[in-house]
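Read through the structure below, which is laid out as structure tokens, and then see the notes.
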Amino acid sequence: MGLFWITVAAVLWGAGTGLLIPRVVYRLSVPWGQPWRTVCPAGHPLEGLGSGWLGRARCAGGDRFGPQMPGIFGVVAMVSGVLAVVTGGRPELLVWLLLTPVGVVLAIVDVAVHRLPDVVMLPFGVCAVAGLGGAALLPGAGGSWRAALLGSLTLGACYLVLFLLNPGGFGFGDVKLAPALGAVLGWYGWGVLLMGTFAGYLFGALFGGGLLLVRRAGRKAAIPFGPFLLAGAFVGILLGSRTV
Numbered sequence: 001m002g003l004f005w006i007t008v009a010a011v012l013w014g015a016g017t018g019l020l021i022p023r024v025v026y027r028l029s030v031p032w033g034q035p036w037r038t039v040c041p042a043g044h045p046l047e048g049l050g051s052g053w054l055g056r057a058r059c060a061g062g063d064r065f066g067p068q069m070p071g072i073f074g075v076v077a078m079v080s081g082v083l084a085v086v087t088g089g090r091p092e093l094l095v096w097l098l099l100t101p102v103g104v105v106l107a108i109v110d111v112a113v114h115r116l117p118d119v120v121m122l123p124f125g126v127c128a129v130a131g132l133g134g135a136a137l138l139p140g141a142g143g144s145w146r147a148a149l150l151g152s153l154t155l156g157a158c159y160l161v162l163f164l165l166n167p168g169g170f171g172f173g174d175v176k177l178a179p180a181l182g183a184v185l186g187w188y189g190w191g192v193l194l195m196g197t198f199a200g201y202l203f204g205a206l207f208g209g210g211l212l213l214v215r216r217a218g219r220k221a222a223i224p225f226g227p228f229l230l231a232g233a234f235v236g237i238l239l240g241s242r243t244v
């Protein structure tokens with residue numbers, strides 16, 4: 001299959017999975033300690049596939065709920081297409097495409113309620129590590145599963161140490177996210193791991209600095225860091241894919 005059709009398939013995958021994200025985000029966007037939402041804003045039970053997790057983000061009366069569809073639809077489709085262009089037909093592309101909609105869910109929920117839900121984090125991490133292990137067994141793989149595993153352990157340990165030294169620096173959800181991102185970035189080597197991690201911190205610093213400049217937040221304001229870590233991982237994949 002040529003690159004064009006691989007990209008088309010990736011965009012269609014992103015568009016299709018993007019349709020399911022608003023309901024998932026709505027159900028997960030609750031403060032810490034509260035149960036996941038089981039009814040729409042109008043009080044109707046959320047029914048459908050997967051115990052109500054999969055389906056359109058509409059109430060029984062037809063009203064939409066959750067984040068706006070066009071933005072999510074476009075982001076997931078665009079990211080999937082870009083990953084296909086830079087990765088081509090290498091087997092790790094399947095892992096990137098599986099992780100993309102889940103990463104978008106994590107980013108949106110973190111922005112909404114400053115929380116990275118364990119119910120999403122666990123499959124995200126397992127898919128990253130196990131998926132790359134499977135990709136390494138296939139011909140044409142562009143990275144190393146051993147490096148991915150070491151990257152996962154290293155980044156996870158570093159974030160844990162930083163959290164213990166300064167618990168106010170970022171949330172423990174970011175610590176739990178680190179092993180998955182370490183695997184993704186480590187797949188292409190230590191240089192990509194460092195660049196992707198640095199990019200995440202840079203994005204977060206620029207955003208925080210921008211809020212300070214426009215006086216939208218104070219120096220001690222809590223900023224969701226997960227989206228920037230995920231964006232840094234995306235940049236790392238782009239850089240790593242081009243060097244293979």
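Numbering (the UniProt record's numbering), first residue to last: 1 to 244. All residues carry an ideal CB built from backbone N, CA and C; glycine is no exception. These numbers come from a predicted model, not from an experiment.
Work out the CA separation of residue j and residue i for me, nearest whole Å.
{"i": "A178", "j": "D118", "result": "13 Å"}
{"i": "V102", "j": "L213", "result": "32 Å"}
{"i": "L28", "j": "R115", "result": "9 Å"}
{"i": "F163", "j": "A180", "result": "17 Å"}
{"i": "W190", "j": "A147", "result": "8 Å"}
{"i": "R56", "j": "A136", "result": "36 Å"}
{"i": "P22", "j": "G134", "result": "30 Å"}
{"i": "L106", "j": "W5", "result": "28 Å"}
{"i": "P145", "j": "D63", "result": "At residue 145 the sequence reads Trp, which differs from the Pro that was named. In a straight line, the C-alpha of W145 is about 46 Å away from that of D63."}
{"i": "L83", "j": "W32", "result": "33 Å"}
{"i": "F225", "j": "Y159", "result": "12 Å"}
{"i": "W96", "j": "T243", "result": "17 Å"}
{"i": "P3", "j": "E92", "result": "One detail in the question is off: residue 3 reads as Leu in this sequence, not Pro. For L3 and E92, the distance between alpha carbons rounds to 15 Å."}
{"i": "L194", "j": "G182", "result": "10 Å"}
{"i": "A9", "j": "V120", "result": "25 Å"}
{"i": "K176", "j": "W36", "result": "20 Å"}
{"i": "G210", "j": "F203", "result": "11 Å"}
{"i": "V39", "j": "G66", "result": "12 Å"}
On the criterion of 16 or more Cβ atoms from any shown chain inside 10 Å, does residue i qualify as buried, or is it exposed?
{"i": "E47", "result": "exposed"}
{"i": "S51", "result": "exposed"}
{"i": "A42", "result": "exposed"}
{"i": "F124", "result": "buried"}
{"i": "L155", "result": "buried"}
{"i": "P45", "result": "exposed"}
{"i": "A174", "result": "Per the sequence shown, the amino acid found at residue 174 is Asp instead of Ala. Under this definition D174 is a buried residue."}
{"i": "G14", "result": "buried"}
{"i": "T17", "result": "buried"}
{"i": "A77", "result": "buried"}
{"i": "R167", "result": "Going by the sequence as given, residue 167 is Pro instead of Arg. P167 comes out exposed."}
{"i": "F170", "result": "buried"}
{"i": "V126", "result": "exposed"}
{"i": "L138", "result": "exposed"}
Name the two residues that bound the continuous alpha helix (DSSP H) containing residue i.
{"i": "A10", "result": "3-18"}
{"i": "E92", "result": "92-113"}
{"i": "Y26", "result": "21-28"}
{"i": "P179", "result": "172-186"}
{"i": "P227", "result": "226-243"}
{"i": "W190", "result": "190-213"}
{"i": "W145", "result": "145-165"}
{"i": "A135", "result": "118-136"}
Residue j and residue i - do their beta-carbons sit closer together than 9 Å?
{"i": "V129", "j": "T100", "result": "no"}
{"i": "residue 287", "j": "T87", "result": "Nothing can be reported for residue 287: it is not among the residues displayed for the chain, which extend from 1 to 244."}
{"i": "F207", "j": "I223", "result": "yes"}
{"i": "G200", "j": "G151", "result": "no"}
{"i": "G232", "j": "G196", "result": "yes"}
{"i": "Y188", "j": "G131", "result": "no"}
{"i": "L239", "j": "V192", "result": "yes"}
{"i": "V75", "j": "P227", "result": "no"}
{"i": "I72", "j": "V25", "result": "yes"}
{"i": "L54", "j": "L98", "result": "no"}
{"i": "V11", "j": "G89", "result": "no"}
{"i": "G104", "j": "V30", "result": "With the sequence shown as reference, residue 104 is identified as Val, and Gly is not the correct amino acid for it. No, the Cβ-Cβ distance between V104 and V30 is not below 9 Å."}
When DSSP builds the beta bridges, which residues end up paired with residue i?
{"i": "L49", "result": "L54"}
{"i": "V39", "result": "P45"}
{"i": "R64", "result": "R58"}
Is there at least one Cβ from chain C nearer than 9 Å to residue i's Cβ?
{"i": "T17", "result": "No chain C is part of this structure, which consists of one protein chain only."}
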